[in-house]
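S.K.:
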Amino acid sequence: MTTIKASCPSCGDVELTPHQVRLVVCSVKSWSYYAFICTTCHEEVRKPAGRDVVALLISGGVVAEPWNVPAEVLEEHEGPTLNYDDVLDFALWLEQADLLAAAAAAQGPRPRAQAPETAA
Ligand SMILES: [Zn+2]
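So for the sequence shown, UniProt numbering puts the first residue at 1; every next one is plus one.
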C-alpha cells in the first residue's frame, strides 16, 4: 500500500495511508486542501493543496472530495453590513406587510424608521 509522507507542525514528518488523508478539491482552486489527523499528537493538520499536491495525492490513492462553492459566496457586496437593528426593523416591517412580494417588487423594504417627533 502507498505510504504518504506529510508533516505535522508540532511533530514533524508522519507517514499516512491514503485512507487517513482527506483531500477536498474546491471549485475555487486556491481553497483546495488536504487534512489528516496526526498519528502522534492526534490534532487535525490542514494544509492548502495546489494542483501538484492534488495530483500527487490522487495518484497515491487518496479519494478526492469535490467542494463546489455556491456562486453567491463569491459575489461582491456593497454598502454597510447589516446589523441587529436592520434585522429588527425588517422583522417589524414584516409584521405589517400583507403582500410581501408586491412590496418588494414595488419599492423594496422601507428605509430605517425615524425616531418619533415629540410634540411641542
Ligand atoms: Zn502532530
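The C-beta atom is built at its ideal place from N, Cα and C for all residues, glycine as well.
Computed from a prediction, not measured in an experiment: that's the story for all the values here.
(1) In terms of residue numbering, what span does the alpha helix (DSSP H) encompassing Val54 cover?
(2) Just checking, does the segment 38 to 50 make contact with the segment 91 to 105 on the three C-beta pairs under 8 Å criterion?
(3) With a threshold of 16 other CB atoms inside 10 Å of the CB of His19, please say whether the residue is buried or exposed.
(4) Could you give the residue range of the beta strand (DSSP E) that holds residue 130?
(5) Per DSSP, Tyr34 is paired with what?
(6) For ligand 1, is there a heavy atom less than 7 Å away from the beta-carbon of Cys8?
(7) I'd like the list of long-range same chain contacts for Cys26, defined as Cβ closer than 7 Å, with 5 residues on each side in sequence excluded.
(8) Give me, in chain order, the residues of the same chain whose beta-carbon lies closer than 7 Å to that of Val53; leave out the 5 immediate sequence neighbours on both sides.
(9) Give me, in chain order, the residues of the same chain whose beta-carbon lies closer than 7 Å to that of Lys47; leave out the 5 immediate sequence neighbours on both sides.
(10) Of the choices Arg22, Val28, Cys11, Ser7, whose alpha-carbon is the least far from that of Val73?
(11) Can you determine whether any heavy atom of ligand 1 sits closer than 7 Å to the C-beta of Glu43, and answer yes or no?
(12) Between Gly12, Leu88, Gly50, Asp86, which lies nearest to Ala64 when the distance is taken from Cα to Cα?
(13) Of the choices Thr17, Cys11, Ala105, whose alpha-carbon is the least far from that of His42?
M.R.: Walking through what the data contain:
(1) Looking up residue 54 in the sequence shown gives position 54. Element bounds for Val54: 51 to 59.
(2) no
(3) Within the sequence shown, the letter at position 19 stands for residue 19. Looking at its Cβ environment, which holds fewer than 16 other Cβ atoms inside 10 Å, His19 is exposed.
(4) Residue coverage of the chain in this structure runs from 1 to 120, which leaves residue 130 outside it and unanswerable.
(5) What you label residue 34 is simply residue 34 of the sequence shown in a count that begins at 1. The partner list for Tyr34 (beta bridge, DSSP) reads Leu23, Lys47.
(6) Numbered from its first residue, the sequence shown carries residue 8 at position 8. Yes, the Cβ of Cys8 comes within 7 Å of a heavy atom of ligand 1.
(7) Here the question's residue 26 lines up with position 26 in the sequence shown. If we look at Cys26 and ignore the five residues flanking it on each side, its Cβ neighbours are Ser32, Trp67, Val69.
(8) For the purposes of this step, residue 53 is taken as residue 53 along the sequence shown, with counting starting at 1. Tyr34.
(9) In the sequence shown, residue 47 corresponds to position 47, counting from 1. If we look at Lys47 and ignore the five residues flanking it on each side, its Cβ neighbours are Tyr33, Tyr34.
(10) Counted from its first residue, the sequence shown places residue 73 at position 73. The candidate whose alpha carbon is nearest that of Val73 is Val28.
(11) The residue you call residue 43 lines up with position 43 of the sequence shown. For ligand 1, at least one heavy atom lies less than 7 Å from the Cβ of Glu43.
(12) Position 64 of the sequence shown, counting from 1, holds the residue named residue 64. Closest option to Ala64, Cα to Cα, is Gly50.
(13) As a working note, residue 42 is residue 42 in the sequence shown. Among Thr17, Cys11, Ala105, the Cα nearest to that of His42 is on Cys11.
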